[in-house]
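J.: Residue numbers are given in the working numbering: position 119 of the sequence shown equals residue 130, and the series is strictly consecutive.
Idealized CB from N, CA, C, for every residue including glycine.
The structure under discussion is supplied below as structure tokens; questions concerning it will follow.
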Amino acid sequence: MSSSNSSASVEDESSPGFLMRSTIKSMSLKFSSVKNVSTGQLWSWLKTPQERQVFILDTRPVEEYNISHIENAVRVSHEDSDMNSLVQTLEQSLAGKPNPTVVCYCSVGYRSSVVAQNLQKFYKDSGKTPVPEIYNLAGSLFQWANEERPMVDSNGRQTHFAHPYTSFWGKLLHAQHRANVSS
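Okay, here's the thing in structure tokens:
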């Protein structure tokens with residue numbers, strides 16, 4: 012391999028890819044009890060609903076959700092510690108379905124990991140069964156957007172923009188996907 016090719020393949024430490032991988036690893040360490048699923052695996056599951064019923068939870072505030080979200084995602088607050096009504100909704104939606112699965116996401120994975128962890132704890136403490144598989148989406152919506160996967164806005168229209176959350180965290184989002192929002 013020539014030196015020009017190898018230098019072109021080296022990723023700058025400020026690039027979204029390097030920073031995203033570091034963030035995903037950090038979230039995995041902080042929330043070690045929460046399983047992660049890749050965006051590619053989620054996409055595969057969504058394309059084969061006869062094999063796995065996936066219930067997607069968007070754990071961001073409404074102003075972020077309205078700009079874009081994964082189609083059919085249900086918005087919940089990451090600050091809501093009462094899991095009873097959420098679990099009732101999950102039970103109704105997933106009853107009798109193959110491989111019931113819950114995937115939580117936010118911007119980069121912190122808030123969604125909180126919700127996934129709270130769900131795990133609720134199921135463990137309550138003894139409720141069956142327990143769906145519960146995942147955090149690795150890299151969350153920023154990774155999904157960076158991979159050009161489909162998103163919709165609050166009106167159900169396709170969009171490629173995502174709310175950048177903050178100017179700091181928004182650096183994990185490719186510039187062409189950052190919605191112009193006032194802080």
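Counting along the chain, where does the alpha helix (DSSP H) carrying G78 start and finish?
T.: Reading off the sequence, residue 78 comes out as Ile, not Gly. Run containing I78: V73 to I78, per the alpha helix (DSSP H) assignment.
J.: If R122 and R63 are in contact, beta carbons under 8 Å, what's the gap, nearest whole angstrom?
T.: With a Cβ gap of about 24 Å, R122 and R63 do not count as contacting.
J.: Kindly indicate which residue of H171, G150, N83 and S33 has the alpha-carbon position closest to the one of R160.
T.: Out of H171, G150, N83 and S33, H171 has the C-alpha closest to the C-alpha of R160.
J.: Going by the beta-carbon positions, is the gap between L105 and P143 smaller than 8 Å?
T.: Yes, the Cβ-Cβ distance between L105 and P143 is below 8 Å.
J.: Going straight from the alpha carbon of G150 to that of K41, what length do you get?
T.: Approximately 14 Å, taken between the alpha carbons.
J.: State yes or no: is the C-beta of V163 within less than 8 Å of the C-beta of E75?
T.: Going by C-beta atoms, V163 is not nearer than 8 Å to E75.
J.: Where DSSP assigns a beta bridge to D69, which residues make up the other side?
T.: According to DSSP, which records beta bridges pairwise, D69 is partnered with R86 and Y116.
J.: Does the Cβ of Q61 have 16 or more other Cβ atoms within 10 Å, making it buried, or fewer, making it exposed?
T.: Counting Cβ neighbours within 10 Å, Q61 comes out exposed, since fewer than 16 surround it.
J.: Please classify R168: is it buried, with 16 or more other beta-carbons within 10 angstroms of its beta-carbon, or exposed?
T.: By the neighbour-count rule (16 or more Cβ atoms within 10 Å), R168 is not buried but exposed.
J.: Under the DSSP definition of a beta bridge, which residues are partnered with I145?
T.: DSSP output for I145 lists V113 as bridge partner(s).
J.: For F153, count neighbouring C-beta atoms within 10 Å of its own C-beta (all shown protein chains included) and say buried if the count is 16 or more, exposed if not.
T.: With 16 or more Cβ atoms within 10 Å of its Cβ, F153 is classed as buried.
J.: Quick check on DSSP: helix, strand or coil for T59?
T.: Reduced to three states, the DSSP call for T59 is coil.
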